[in-house]
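Visitor: I have a structure I would like to understand better, so I am pasting it below and will then ask my questions one at a time.
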Amino acid sequence: LGALGVRNHQRTGWRETLDAEHFDSYRDGMAGCYKCPVHCRARNRLPSTPDNETSQDNWSHGDGPEYVTLGKFGPGLGIDQPEQVIRFNNMLNDLGLDSASTGSAIAWAMELYQRGLITAADTGGLELNWGDGKLIEDLLLLTVERSGFGDTLADSGKAVARGKYPPAALDYRMASKGLFQSDPHDARIIKAFALGLAVATRGMDHLRNRVTLEINARINDDPQFKRELYRGEVAAQPTDYEGKEHAVARCERVYASGDAVGMCRFNTWLFNS
């Protein structure tokens, strides 16, 4: 589909070095919530190497990454190496930072720096260049402490309203109701995703109503099944507009019901195939 958000949604395709098979060698088993039948949480462990002083620190092993973290801290920031993404993931979990909002805040700042809307004078001397893994680690530590430029990043999507960025920065912010887009797709391409994010009840939160099965070719190739699934006529192609309101409305109702009974999205009908 070419629907991946790269460098704050400036591009929609990235290198294959972050495909799933490149993470298999770092997997250290699976884990899950108590008595969950899905058991979806991969464990990770980075290899110990003589020239890597951080290879056995607290961020060399942990849970994940899940695909949102992979997207936000991989293509979203110009990173193409699995080990870097895994390390960012472990740092985020340890520091208690949300990977979606934090990754989006850093990507937004990097594009503003790229376009000259902010300079090193605004960042405390930091050069916000795409793909700089050491810089990203430093930014995470600054953010959690609200130190230096980290105070701006911690303001997330509200940095303009709080006087940290110029008003022109809003032209490069991918957010709704003050919340950054929570998944790494470029929703402008997948029309049901775009509609869902636009009307979601808490900003651009894909967990409120995302029509996940829009990218399932087997369902798109079966018009009758798709009609029954969403209770209305829905165009087969993810890039088409027709009927996507039926799919979004159906998903929003089903997900709200799942929330009411405490059901994980991975066990919720319509969210997972």
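So the sequence shown is numbered by this note's numbering: it starts at 4 and just counts up by one. Backbone N, C-alpha and C fix where the C-beta goes; we use that ideal spot for every residue, glycine too. Predicted model only: the values in this text are computed from it and were never measured.
1) So within the stretch 8 to 83, which uninterrupted beta strand (DSSP E) runs reach at least 3 residues, ignoring any that extend past its ends?
2) From glutamate 24 to phenylalanine 269, what distance separates their C-alpha atoms?
3) Can you tell me whether DSSP reads threonine 146 as helix, strand or coil?
4) Closer than 7 Å by C-beta to tryptophan 272: which residues in its own chain qualify, once you throw out the five before and the five after it? Chain order, please.
5) Can you tell which of Phe196, Met177, Glu255 has its C-alpha closest to the C-alpha of glycine 79?
6) Are the stretch 59 to 69 and the stretch 85 to 95 touching by the rule of at least three beta carbon pairs closer than 8 Å?
7) Along the chain, where does the alpha helix (DSSP H) containing histidine 249 start, and where does it finish?
8) For arginine 221, report the span of its alpha helix (DSSP H) as first-last.
9) For glutamate 184, count the other beta carbons within 10 Å of its own beta carbon; 16 or more makes it buried, fewer makes it exposed. Which is it?
10) Helix, strand or coil for leucine 120? Go by DSSP, reduced to three states.
11) Among Gln87, Tyr29, Ser28, Ile82, whose alpha-carbon lies nearest the alpha-carbon of arginine 18?
12) For cysteine 254, tell me which candidate among Arg234, Arg221, Arg191, Val214 has the shortest Cα-Cα distance.
13) Just to confirm before moving on: does the CB-CB distance between valine 237 and alanine 220 stay below 8 Å?
14) Taking contact to mean 3 or more Cβ pairs, one atom from each stretch, closer than 8 Å, check whether the stretch 106 to 113 and the stretch 150 to 161 are in contact.
15) Using the Cα positions of alanine 103 and threonine 72, report the straight-line distance between them to the nearest angstrom.
16) Would you kindly work out how many angstroms separate the C-alpha atoms of cysteine 43 and cysteine 267, rounded to a whole number?
17) At which residues does the alpha helix (DSSP H) containing isoleucine 192 begin and terminate?
18) Check whether the Cβ of aspartate 125 lies closer than 7 Å to any heavy atom of the ligand MG, and answer yes or no.
19) On a CA-only basis, which of Ala6, Asn11, Gly5 is nearest tyrosine 175? Give me that one, please.
Guide: If we stick to the structure as given:
1) Listed in chain order, they are 30 to 34, 44 to 48, 64 to 66.
2) The residue labelled residue 24 in the question sits at position 21 within the sequence shown. The residue labelled residue 269 in the question sits at position 266 within the sequence shown. When rounded, the separation of the alpha-carbon atoms in glutamate 24 and phenylalanine 269 is 21 Å.
3) Within the sequence shown, the letter at position 143 stands for residue 146. Threonine 146: helix per DSSP, three-state reduction.
4) Your numbering for residue 272 matches position 269 in the sequence shown. So the list reads Val257, once near-sequence residues are dropped.
5) Counting from 1 along the sequence shown, the entry for residue 79 is found at position 76. Of the listed residues, the one whose Cα sits closest to glycine 79 is Met177.
6) Yes: the two stretches touch, three or more of their Cβ pairs being nearer than 8 Å.
7) Counting from 1 along the sequence shown, the entry for residue 249 is found at position 246. For histidine 249, the uninterrupted alpha helix (DSSP H) run begins and ends at 247 to 263, by DSSP.
8) Your numbering for residue 221 matches position 218 in the sequence shown. For arginine 221, the enclosing alpha helix (DSSP H) has its first and last residue at 220 to 223.
9) Within the sequence shown, residue 184 is the residue found at index 181, counting from 1. Before going on, a small fix: residue 184 reads as glutamine here, not glutamate. Classification for glutamine 184: buried.
10) For the purposes of this step, residue 120 is taken as the residue at position 117 of the sequence shown. In the three-state scheme derived from DSSP, where H, G and I count as helix and E and B as strand, leucine 120 is classed as coil.
11) Reading the sequence shown from its first residue, position 15 is the one you call residue 18. Of the candidates Gln87, Tyr29, Ser28, Ile82, the one whose C-alpha sits nearest the C-alpha of arginine 18 is Ile82.
12) Taking the sequence shown and counting its residues from 1, one reaches residue 254 at position 251. Looking at the Cα atoms, Val214 is the closest of the given residues.
13) For the purposes of this step, residue 237 is taken as the residue at position 234 of the sequence shown. For the purposes of this step, residue 220 is taken as the residue at position 217 of the sequence shown. No, they are not a contact pair.
14) These segments touch.
15) On the sequence shown, position 100 is the one that residue 103 refers to. On the sequence shown, position 69 is the one that residue 72 refers to. Spanning the two alpha carbons is a distance of roughly 7 Å.
16) Start at 1 with the first residue of the sequence shown, and residue 43 comes out as number 40. Start at 1 with the first residue of the sequence shown, and residue 267 comes out as number 264. A direct Cα-Cα distance of roughly 11 Å separates cysteine 43 from cysteine 267.
17) In the sequence shown, counting from the first residue as 1, residue 192 sits at position 189. Isoleucine 192 -> no alpha helix (DSSP H), and no H or E assigned at all.
18) Ligands in the displayed structure: none, and consequently the ligand MG is not present.
19) In the sequence shown, residue 175 corresponds to position 172, counting from 1. The candidate whose alpha carbon is nearest that of tyrosine 175 is Asn11.
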